[in-house]
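Q: Taken in sequence, the protein lines are chains A and B. Counted from 1, the first sequence has number 140 at position 143 by this note's numbering; the numbering is strictly sequential. Counted from 1, the second sequence has number 329 at position 332 by this note's numbering; the numbering is strictly sequential. Every residue, glycine too, gets a C-beta built ideally from N, C-alpha and C.
Protein chains: 2
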Amino acid sequence: MSETPGSAALREEAALREEAAKLDAADGLAAKRAEFVLDDTVYLDGNSLGALPAGVAERVADVIGRQWGGLRIRSWDESGWWTAPERIGDRIAPLVGAAQGQIVVGDSTSVNVFKALVAAVRIARGSGDHPEGGRDEIVVDATTFPTDGYIAESAARLTGCRLIPVAPADVPGVLGERTAAVLLNHADYRTGRLHDLAGLTAAVHAAGALVVWDLCHTAGALPVGLDEHGVDLAVGCTYKYLNGGPGSPAYLYVRRELQDRFDSPLPGWNSHAEPFGMRPEFEAVDGARRGRVGTPDILSMLALEAALDVWDGVRVEAVRAKSLALTDFFLRCVEAYVPAGRVEPVTPRAHAERGSQVALRCPDAGDVMKRLIGQGVVGDYRAPDVLRFGFTPLYVSFADAERAARVLARTLD
Amino acid sequence: MSETPGSAALREEAALREEAAKLDAADGLAAKRAEFVLDDTVYLDGNSLGALPAGVAERVADVIGRQWGGLRIRSWDESGWWTAPERIGDRIAPLVGAAQGQIVVGDSTSVNVFKALVAAVRIARGSGDHPEGGRDEIVVDATTFPTDGYIAESAARLTGCRLIPVAPADVPGVLGERTAAVLLNHADYRTGRLHDLAGLTAAVHAAGALVVWDLCHTAGALPVGLDEHGVDLAVGCTYKYLNGGPGSPAYLYVRRELQDRFDSPLPGWNSHAEPFGMRPEFEAVDGARRGRVGTPDILSMLALEAALDVWDGVRVEAVRAKSLALTDFFLRCVEAYVPAGRVEPVTPRAHAERGSQVALRCPDAGDVMKRLIGQGVVGDYRAPDVLRFGFTPLYVSFADAERAARVLARTLD
Chain A
-2 MSETPGSAAL REEAALREEA AKLDAADGLA AKRAEFVLDD TVYLDGNSLG
48 ALPAGVAERV ADVIGRQWGG LRIRSWDESG WWTAPERIGD RIAPLVGAAQ
98 GQIVVGDSTS VNVFKALVAA VRIARGSGDH PEGGRDEIVV DATTFPTDGY
148 IAESAARLTG CRLIPVAPAD VPGVLGERTA AVLLNHADYR TGRLHDLAGL
198 TAAVHAAGAL VVWDLCHTAG ALPVGLDEHG VDLAVGCTYK YLNGGPGSPA
248 YLYVRRELQD RFDSPLPGWN SHAEPFGMRP EFEAVDGARR GRVGTPDILS
298 MLALEAALDV WDGVRVEAVR AKSLALTDFF LRCVEAYVPA GRVEPVTPRA
348 HAERGSQVAL RCPDAGDVMK RLIGQGVVGD YRAPDVLRFG FTPLYVSFAD
398 AERAARVLAR TLD
Chain B
-2 MSETPGSAAL REEAALREEA AKLDAADGLA AKRAEFVLDD TVYLDGNSLG
48 ALPAGVAERV ADVIGRQWGG LRIRSWDESG WWTAPERIGD RIAPLVGAAQ
98 GQIVVGDSTS VNVFKALVAA VRIARGSGDH PEGGRDEIVV DATTFPTDGY
148 IAESAARLTG CRLIPVAPAD VPGVLGERTA AVLLNHADYR TGRLHDLAGL
198 TAAVHAAGAL VVWDLCHTAG ALPVGLDEHG VDLAVGCTYK YLNGGPGSPA
248 YLYVRRELQD RFDSPLPGWN SHAEPFGMRP EFEAVDGARR GRVGTPDILS
298 MLALEAALDV WDGVRVEAVR AKSLALTDFF LRCVEAYVPA GRVEPVTPRA
348 HAERGSQVAL RCPDAGDVMK RLIGQGVVGD YRAPDVLRFG FTPLYVSFAD
398 AERAARVLAR TLD
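1) Could you work out which residue in Ser45(A), Asp397(A), Val316(A), Leu230(A) is closest to Ala113(A) when comparing CA atoms only?
2) When you compare the CB positions of Arg132(B) and Arg122(B), do they come within less than 8 Å of one another, or not?
3) Verify the CB distance criterion: does Leu13(B) have a CB-CB separation below 8 Å to chain A?
4) Determine the chain A residues that contact Leu46(B) at a beta-carbon separation under 7 Å, and present them in chain order.
5) Shorter than 8 Å from the beta carbon of Glu83(B) to some beta carbon of chain A?
6) Closer than 7 Å, Cβ to Cβ, to anything on chain B: give me those residues from the stretch 270 to 282 of chain A, in chain order.
7) In this structure, does DSSP put Asn109(A) in helix, strand or coil?
8) List the residues of chain A whose Cβ lies closer than 7 Å to the Cβ of Phe111(B), in chain order.
9) Once the 5 residues before and after Val282(A) are set aside, which same chain residues still bring their CB inside 7 Å of it?
10) Which of helix, strand or coil does DSSP assign to Glu254(B)?
11) Can you find a C-beta in chain B that's less than 8 Å from the C-beta of Ala40(A)?
12) For Val335(B) and Ser45(B), I'd like the C-alpha separation in whole angstroms.
13) Would you please verify whether the beta carbon of Pro360(B) is less than 8 Å from any beta carbon of chain A?
14) Report the rounded CA-to-CA distance for Glu16(B) versus Leu219(B), giving the unit in angstroms.
15) Along the stretch 226 to 243 of chain B, where does the CB come closer than 8 Å to a CB of chain A? Name the residues.
16) Taking the alpha-carbon of Ala152(A) as reference, which of Gly47(A), Gly67(A), Ser261(A), Val53(A) has the nearest alpha-carbon?
17) From Lys367(A) to Val110(B), what does the alpha carbon distance come to, in whole angstroms?
18) Looking at C-alpha atoms only, which residue of Leu263(A), Arg317(A), Pro272(A), Asp397(A) is the closest neighbour of Ile115(A)?
19) Entirely within the stretch 210 to 258 of chain A and at least 3 residues each: give me those beta strand (DSSP E) ranges in chain order.
20) Which bits of chain A does Arg379(B) rub up against, with CB to CB less than 7 Å?
21) For Thr144(A), decide whether its Cβ has a neighbour in chain B, counting only Cβ atoms nearer than 8 Å.
22) Could you pull out every residue in the same chain whose Cβ sits closer than 8 Å to the Cβ of Leu26(B), ignoring the five residues on either side in sequence?
23) Output needed for Pro82(A): all residues of its chain with C-beta closer than 6 Å, excluding positions within five of it in sequence on either side, in chain order.
24) With a cut-off of 8 Å on the beta carbons, I'd call Ala304(B) and Arg69(A) a contact; round off their distance for me.
25) Using a Cβ cut-off of 8 Å, which residues of the stretch 317 to 348 of chain A contact any Cβ in chain B, in chain order?
26) So for Phe395(A), helix, strand or coil by DSSP?
27) If you scan the stretch 320 to 372 of chain A from start to end, which runs of the alpha helix (DSSP H) of 4 or more residues do you find wholly inside it?
28) Can you give me the C-alpha to C-alpha distance between His127(A) and Ala139(A), rounded to a whole angstrom?
29) Which word fits Asn302(A), buried or exposed, when buried means at least 16 other C-beta atoms lie within 10 angstroms of its C-beta?
30) Note down, in chain order, every chain A residue with its Cβ under 8 Å from the Cβ of Pro246(B).
31) Kindly indicate the opening and closing residues of the beta strand (DSSP E) around Val136(A).
32) Who are the near neighbours of Glu32(B) in its chain, counting only those whose CB is closer than 7 Å to its CB and skipping five residues on each side?
33) Among Ala402(B), Val404(B), Ala380(B), Val375(B), which one has its Cα closest to the Cα of Asp36(B)?
34) Check the C-beta distance from Leu13(B) over to Ala333(B) and give it rounded, since I have them as a contact under 8 Å.
35) Closer than 6 Å by C-beta to Gly222(B): which residues in its own chain qualify, once you throw out the five before and the five after it? Chain order, please.
36) For Ser4(B), is the classification buried or exposed, using 16 other Cβ atoms within 10 angstroms of its Cβ as the cut-off for buried?
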């Protein structure tokens, strides 16, 4: 008796489920999942909002009840509130390949993009704000997450620069002696494409300009190597793969050699050499703290600090290996389950060009995602036609990947 | 037998303590104290960090556990995260005399000063960034809290303006056709002096310029009357008399008539007309939301929202009446208890010139404050020689005021 198409599909599904079980059994990061608050949902939206690490609630309760409620103002010293921005920056540093003393946490990503770009233009120009004939161009990734582009336009306007939006691959072709600064995303928020941080940084430096990298979609998902590749400035959010919570404070990296020349457009009292001296003249503090602005947002910041505990004992190289294995496996499952042509993967197959998400294009993506979510598979939709599935290796399993592809196929059917 | 000086002092103390008890018994706001987490400390530092409102811990636990932990990404819609900045702005509005739709919450005070000042300069100039011979001066309170001055200097530098620092009383004398914007504090952070918001606003308008008021030391302590006095823009923190928690998000007021011309130097995706359209071209949203920048910091923001519940049923005029009665009474107690000449009150006696704090100058202020805190009376010290005592009418009693003066006298003895 010949086999029916249906039973072939069932055998394929059984094989993939068995493979998922084996991969999960061999996964050195599998135990990390228990450090998060999760349920039966397949949560593939950690590239938008990371899941809740289990230790956050208790820590924040202590910050509110004992530190604020009991110690009140004394907590600025006694509970380490005042030094939180640089202390938590140093917790993020190893995840992005930075030595200590180069990262401060605070403000939103948008605000940090502004600080970084204006400061980069000033350093590139050496001195003065509007030198005649000097470097007067800011290059920006034309496919960037929109806020970076809007802020770059503002930075250009305020520093008398022209904004040049180009695709990342075309960046080297537009660099020259007029280039002041270049703002790039390490991974494209829509397609998940990973850009060549080392190569593009070298190209920008060869033109005598400075580069600002936006790490929102890579920090905590793969090694970044900021120091190794000589990146000048970088920014990133902490609520995606770093699981800091909704709208948790962003961070700013300023390479040590540039810190003395980092001339912030937002020189708040927290970046003063003597913040409690209350002096009318501004004198910038040394080091990464120069990137601070106003009073740090303590509740959100200390929630982030607690969230970073899940990284204890985790090597980011291991995270990257699992991320690639997860996205490879998910793409294989999609290929096996989803009728050919129904979706088009827009995330590159090549590992060197892939972040930690898989983006699938389909014309009815908005509706499809709604139905997926209704069936317990949570990704997200980006206009006009992209389904995004983010894979956070600390808590997503291979079984999750298989189930997501299976439910997607059923939904598309 | 003639009375000894000691017994006269004891009688005076008994009389003041009795008066305090009567004033507390007649205080219509006295019951509000139970809505805060307090202990035996006399907490007179609410002008730096407001005490913890009792409802905050439970609300934040729900935000973390149920909204973030359970609903995760769905909370941006379902838990009202996305609209929090303008919703909470509308909660603050009645406290500062603003109609709905003119305030958004987010970022630090410093960042909001930057937005407000650059936008004010742009509106004052009408169009273009560097017109020849146009308005090119920013006037700033020379006695301002330092961060305002530093940020004003940056705003001036980036908009091609000259910064003119003068004492608030001298502002009218320097205004003219070159004035673009004026940044003023409603109350002086060091002396507690209240400035003439109505009169100075009118003077700035008469010169054709715009005024930005910093309300950090008045919002929640006295009526501000932003709409009534035609203020253009205003900023303030929420962690002093609004009790929002350490470093809780600040706010920005943009008068309705100016909103269409509010051209932010920080045009993040949250201020886009269609934030999820992910369009490369910036198009500003209408209304107060134009003051938003990046993703709002939800934990801190919703803690603030819970903290604002203590204002239910409270008229800010009643708060002002109690504030003046408290500071009057404290000054009387200081006069009665502290040897003449040992401290010099620098806060004006005239009610129209007094905020909600009392500042006393004494040469050894730093040491004195340390000893006061050791005895359970918490104020703070501002370099070089000022003792600050902030009176938050929602939770400070007349008995607190008497005890603070009594312990101060003992400490100074």
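A: In terms of the structure at hand:
1) Leu230(A)
2) yes
3) no
4) Arg69, Ile70
5) no
6) Phe273, Gly274, Met275, Arg276, Pro277, Phe279
7) helix
8) Within chain A, the residues near Phe111(B) are Leu263.
9) Ser268, His269, Ala270
10) helix
11) For the record, residue 40(A) in the displayed sequence is Tyr; it is not Ala. Yes - at least one Cβ of chain B is within 8 Å of the one on Tyr40(A).
12) 25 Å
13) no
14) 24 Å
15) Cys234, Tyr236, Gly242, Pro243
16) That would be Ser261(A), whose Cα lies nearest to the Cα of Ala152(A).
17) 41 Å
18) Per the sequence shown, residue 115(A) should be read as Val rather than Ile. Considering only alpha carbons, the answer is Leu263(A).
19) The stretch 210 to 258 of chain A contains these whole beta strand (DSSP E) runs: 230 to 233, 248 to 251.
20) Ordered by position in chain A, the residues that pass the 7 Å Cβ test against Arg379(B) are Met275.
21) yes
22) Exclusion of the five residues before and after Leu26(B) leaves Val311, Ala315, Val316, Lys319, Pro390, Leu391 as the residues of its chain whose Cβ lies within less than 8 Å of its Cβ.
23) Val101, Val102, Gly103, Arg289, Pro293
24) With a Cβ gap of about 14 Å, Ala304(B) and Arg69(A) do not count as contacting.
25) none
26) Helix, per DSSP.
27) Taking 4 residues as the shortest admissible run, the stretch 320 to 372 of chain A contains the following complete alpha helix (DSSP H) segments, listed from N- to C-terminal end: 362 to 371.
28) Legend: pLDDT at His127(A) = 49, less than 50; position of this residue unreliable, no value from coordinates given.
29) A quick correction: the sequence has Glu, not Asn, at residue 302(A). Burial state of Glu302(A) is buried, judged by a 10 Å Cβ sphere holding 16 or more other Cβ atoms.
30) Asp294
31) In this chain, the beta strand (DSSP E) harbouring Val136(A) covers 134 to 138.
32) Excluding sequence neighbours, Glu32(B) sits near Pro50, Ala51, Val307.
33) Val375(B)
34) 6 Å
35) Gly94
36) exposed
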